[in-house]
Amino acid sequence: DTGVSQDPRHKITKRGQNVTFRCDPISEHNRLYWYRQTLGQGPEFLTYFQNEAQLEKSRLLSDRFSAERPKGSFSTLEIQRTEQGDSAMYLCASSLIGGVGEQYFGPGTRLTVT
Amino acid sequence: GIQVEQSPPDLILQEGANSTLRCNFSDSVNNLQWFHQNPWGQLINLFYIPSGTKQNGRLSATTVATERYSLLYISSSQTTDSGVYFCAPSQGGSEKLVFGKGTKLTVNP
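Respectively, the protein sequence lines represent chains A and B.
The numbering used here puts the first residue of the first sequence at -1, with every later residue one more than the last.
The numbering used here puts the first residue of the second sequence at 14, with every later residue one more than the last.
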């Protein structure tokens, strides 16, 4: 079991550019979550998938954000026309429905928008 | 939605001391997890504890769901225990976690 992985670990981009992050969950975990964490705060829920279906999105997820989980395995989170306020740590977690339900987190992608 | 309050916000200890971190939540929950966030940002699972008491080495946790609080005990603290501790209960079918602001623990040698 290799755990949850995320790529890239760090991303620096200029305001207005598009960025895409990838998350690979623990194999056989059918739920995948995205959270965002800003400095000094706890992570905040953005969205989650059960298999390939996106079942819930937070109001934090503006129209510039889109997430996908094709084939129910890895997931991508895209931010279009980045703004300085998007600078944060983006965390991915996975869990197994029907199991204990415990969520396991990846190392995160730290985004800096200049 | 559910509100989560953690106390104290900051805690400074000498190595070897014991401590208790508290988490209050405003509504009934499906489950509750405690995490330790290391300096690199990685969230490390400590406990999955919707109710009852669990122990793992020097750490233990108790959740009293009917009274809407959870406690994390750290005994004989070590410098490697430093970091931010988060409590995160969840509600509803999604079981999305709702995080408090955390307790920042500093253990000095």
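In this text, a Cβ means the ideal position worked out from N, Cα and C, and glycines have one as well.
These numbers come from a predicted model, not from an experiment.
Q | chain B within 8 Å of A/G99, Cβ atoms only | A | At least one C-beta of chain B is nearer than 8 Å to the C-beta of A/G99.
Q. If we ignore side chains and look at the alpha-carbon of each, how far apart do B/V97 and A/Q101 end up?
A. Near 18 Å, if we compare the C-alpha coordinates of A/Q101 and B/V97.
Q: For A/I95, write down the residues that DSSP places opposite it in a beta bridge.
A: For A/I95, which the question treats as bridged, DSSP gives no partner whatsoever.
Q) Does the beta-carbon distance from A/F47 to A/R29 come in below 8 Å? A) Contact: yes.
**Q.** Sheet register partners of A/L32 (DSSP bridge)
**A.** Checking the sequence shown, residue 32 of chain A turns out to be Trp, not Leu. Per DSSP, A/T45, A/C90.
Q | Which of helix, strand or coil DSSP assigns to B/K114 | A | For B/K114, the secondary structure class from DSSP, reduced to helix, strand or coil, is coil.
**Q.** Environment of A/Q35 [buried if 16+ CB atoms lie within 10 Å]
**A.** Burial is judged here by how many other beta carbons sit within 10 angstroms of a residue's own beta carbon; A/Q35 has at least 16 and is buried.
Q. In chain A, which residues lie less than 9 Å from B/F38 when you measure between Cβ atoms?
A. Close to B/F38, with beta-carbon spacing below 9 Å, lies no residue of chain A; the smallest spacing is near 13 Å.
Q.
My parser needs the beta strand (DSSP E) runs of 3 or more residues fully inside the segment 43 to 82 of chain A; what are they?
A. For the segment 43 to 82 of chain A, the continuous beta strand (DSSP E) assignments of 3+ residues that do not extend past its boundaries occur at 51 to 55, 63 to 66, 73 to 77, in sequence order.
Q.
Can you list, in chain order, the residues of its chain with a C-beta nearer than 6 Å to that of A/H8? Leave out the 5 residues immediately preceding and following it.
A. Cβ within range, chain order: R108.
Q: For the segment 40 to 59 of chain A, enumerate the residues whose C-beta is nearer than 8 Å to any C-beta of chain B, in chain order.
A: For the segment 40 to 59 of chain A, the set of residues with a beta-carbon nearer than 8 Å to any beta-carbon of chain B comprises G40, P41, E42, F43, Y46, L53, E54, in chain order.
**Q.** Members of the segment 71 to 102 of chain A that neighbour chain B once the beta carbon cut-off is set at 9 Å
**A.** Cβ contacts with chain B come from M87, L89, A91, S93, I95, V98, G99, E100, Q101, Y102.
(Q) Within the continuous beta strand (DSSP E) that includes B/I87, where are the two ends? (A) Here the beta strand (DSSP E) through B/I87 covers 82 to 87.
Q | Helix, strand or coil at A/T18 according to DSSP, with G and I counted as helix | A | In the displayed model, A/T18 falls within a strand according to three-state DSSP.
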